[in-house]
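The structure under discussion appears below in the form of structure tokens.
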Amino acid sequence: MSKYAAEIIDNTVARVLVTPTLAWVRDTLGGEWLECKIDGSIRGWYPGPGYTYDRVNDLFVPPPAEPDGPPRPS
24 MSKYAAEIID
34 NTVARVLVTP
44 TLAWVRDTLG
54 GEWLECKIDG
64 SIRGWYPGPG
74 YTYDRVNDLF
84 VPPPAEPDGP
94 PRPS
């Protein structure tokens, strides 16, 4: 079963990949990777590039909505 993994660089999500296992992406690509779920059932949201990672609360935090842009995902 595939997993979704978010790469964290300086507390910011750099990219999200589909991977066979979390260990595979960590071993193959190196760096810091966290599991995420498309339904947001862990870490609060399904992240995208530009989201931040709140280490204290173990949550992905969406970027602020742009004044004339679309609303934040819910």
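The sequence shown begins at 24 in my numbering and counts up one residue at a time. Glycine included, each C-beta is placed from N, C-alpha and C at the ideal position.
Quiz prompt | Where Asp-50 sits in the DSSP three-state scheme | solution = Helix at Asp-50.
Practice problem: Can you say whether Ala-46 is buried or exposed, counting buried as having 16 or more other CB atoms within 10 angstroms of its CB? | Solution: Label assigned to Ala-46: exposed.
Quiz item: Going by DSSP, which residues form a beta bridge with Glu-58?
Solution: Ala-28, per the DSSP bridge assignment.
Practice problem: Name the residue from Trp-68, Leu-82, Pro-85 and Ser-25 whose alpha carbon lies nearest to the alpha carbon of Val-48. | Solution: Out of Trp-68, Leu-82, Pro-85 and Ser-25, Ser-25 has the C-alpha closest to the C-alpha of Val-48.
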